[in-house]
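Working notes for the structure below.
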């Protein structure tokens with residue numbers, strides 16, 4: 050049974066636990082078990098899941114969790130220990146910021162004689178809600194009484210393929226689930242949505258997407274080139290690119306929001322609607338409230354594999370680790 054530890058509020062206790070979370074784990078680096086290496090700038094983004102099927106829902110729940118850099122050797126003895134793995138979380142289109150409201154914890158359990166299981170949690174408080182981050186499904190086997198050594202670097206492959214990081218937002222008695230992963234999914238297959246519009250207008254959307262064996266695959270739009278009568282914009286920023294779909298990644302749809310408006314246009318919406326008929330395939334510009342502004346006659350939308358992103362691509366220094 051998972052054991053929960055509640056911490057009192059005095060600041061000095063928070064500070065002590067924070068220091069222990071940074072210094073204590075690193076001092077055990079030579080021991081077997083799991084070691085997490087967190088490079089400078091490491092972060093995880095709230096990503097698409099098919100529980101939200103509209104672009105406004107996806108946009109409203111964008112979030113970014115920023116890790117505390119360092120080396121962390123996780124404890125080997127069952128129990129609950131201080132571990133502050135996250136420094137802050139930005140939430141929502143306004144990028145509302147919260148620092149860690151109390152020390153995080155790592156709970157070590159031994160569900161069987163040959164396995165150690167780890168659960169890492171940390172809570173963040175905003176003006177009108179709380180957000181609790183949880184890392185699950187992190188563990189290591191015990192062989193001949195010794196925990197197997199496993200080392201992970203919090204970089205792109207780990208964030209996409211290994212990390213199981215979720216968030217739970219609580220507001221007014223309601224709970225909302227969030228899924229965190231890689232911001233740019235650089236290790237996933239790349240696809241190009243070529244959107245041809247009337248009068249030589251066009252939009253190119255580059256999407257990282259892993260076709261699923263069942264359910265829905267991870268997906269995110271990572272690069273957009275918009276060429277419409279109002280002008281041209283290239284967008285690569287996480288906060289201004291929005292992807293949504295229904296189950297099995299059907300009916301993919303997109304918002305591309307501009308850093309600076311083109312006339313009255315603050316972005317464009319693209320609805321592919323390749324399976325259902327609830328809403329048609331269409332493209333339109335967005336006003337400052339992200340409502341429909343100008344419908345752009347659509348000629349064709351195609352989706353094909355792509356070899357690489359155009360230059361300049363969206364890249365971050367910490368992705369090189």
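Residue numbers (our numbering): 50 to 370. By construction, the Cβ of each residue, glycine as well, lies at the ideal position given by its N, Cα and C atoms.
### Task
Reducing DSSP to helix, strand and coil, say where residue 303 ends up.
In the chain shown, residue 303 corresponds to position 254, counting from 1. Three-state result, residue 303: strand.
#### Entry: Distance between residue 339 and residue 123 (C-alpha atoms, nearest Å)
As a working mapping, residue 123 is identified with position 74 in the chain shown. As a working mapping, residue 339 is identified with position 290 in the chain shown. So the alpha carbons of these two residues sit roughly 45 Å apart.
#### Entry: Outcome for residue 194 when other beta-carbon atoms lying within 10 angstroms are tallied against a minimum of 16
In the chain shown, residue 194 corresponds to position 145, counting from 1. Looking at its Cβ environment, which holds fewer than 16 other Cβ atoms inside 10 Å, residue 194 is exposed.
### Task
Assess, as a yes-or-no matter, whether the region 304 to 320 is touched by the region 278 to 285 under the definition of 3 or more beta carbon pairs within less than 8 Å.
Yes: the two stretches touch, three or more of their Cβ pairs being nearer than 8 Å.
### Query
Cα separation between residue 226 and residue 110?
As a first step, residue 226 is located in the chain shown; it is residue number 177 there, counting from the start. As a first step, residue 110 is located in the chain shown; it is residue number 61 there, counting from the start. Distance between the alpha carbons of residue 226 and residue 110: 10 Å.
### Query
Should residue 213 be labelled buried (16 or more other beta-carbon atoms within 10 Å of its own) or exposed?
Here residue 213 refers to the residue found at position 164 when the chain shown is read from its first residue. Under this definition residue 213 is an exposed residue.
### Message
If contacts are defined as beta-carbon pairs under 8 Å, then residue 237 and residue 267 qualify, I think. What distance do you get, rounded to the angstrom?
### Response
Numbered from 1 along the chain shown, position 188 holds the residue referred to as residue 237. Numbered from 1 along the chain shown, position 218 holds the residue referred to as residue 267. Confirmed, about 7 Å.
### Task
Let me know if residue 186 comes out buried or exposed under the rule of 16 or more other beta-carbons within 10 Å of its beta-carbon.
Counting from one through the chain shown, the residue named residue 186 turns up at place 137. Classification for residue 186: exposed.
### Message
Would residue 115 and residue 149 qualify as a contact pair, given that the criterion is a beta-carbon distance under 7 Å?
### Response
Locating residue 115 in the chain shown gives position 66, where the first residue counts as 1. Locating residue 149 in the chain shown gives position 100, where the first residue counts as 1. Result no, Cβ atoms of residue 115 and residue 149 do not sit closer than 7 Å.
### Task
Please classify residue 168: does DSSP put it in a helix, a strand, or coil?
Reading the chain shown from its first residue, position 119 is the one you call residue 168. Secondary structure at residue 168: strand, using DSSP grouped into helix, strand and coil.
### Query
By how many angstroms is the C-alpha of residue 309 removed from the C-alpha of residue 188?
As a position in the chain shown, residue 188 is number 139, starting the count at 1. As a position in the chain shown, residue 309 is number 260, starting the count at 1. The straight-line gap from Cα to Cα measures roughly 46 Å.
### Task
Give me the Cα-Cα distance between residue 241 and residue 347, rounded to the nearest whole angstrom.
Here the question's residue 241 lines up with position 192 in the chain shown. Here the question's residue 347 lines up with position 298 in the chain shown. The straight-line gap from Cα to Cα measures roughly 17 Å.
### Status (buried if at least 16 other CB within 10 Å, exposed otherwise) for residue 92
The sequence position of residue 92 within the chain shown is 43, counting from 1. That one is buried.
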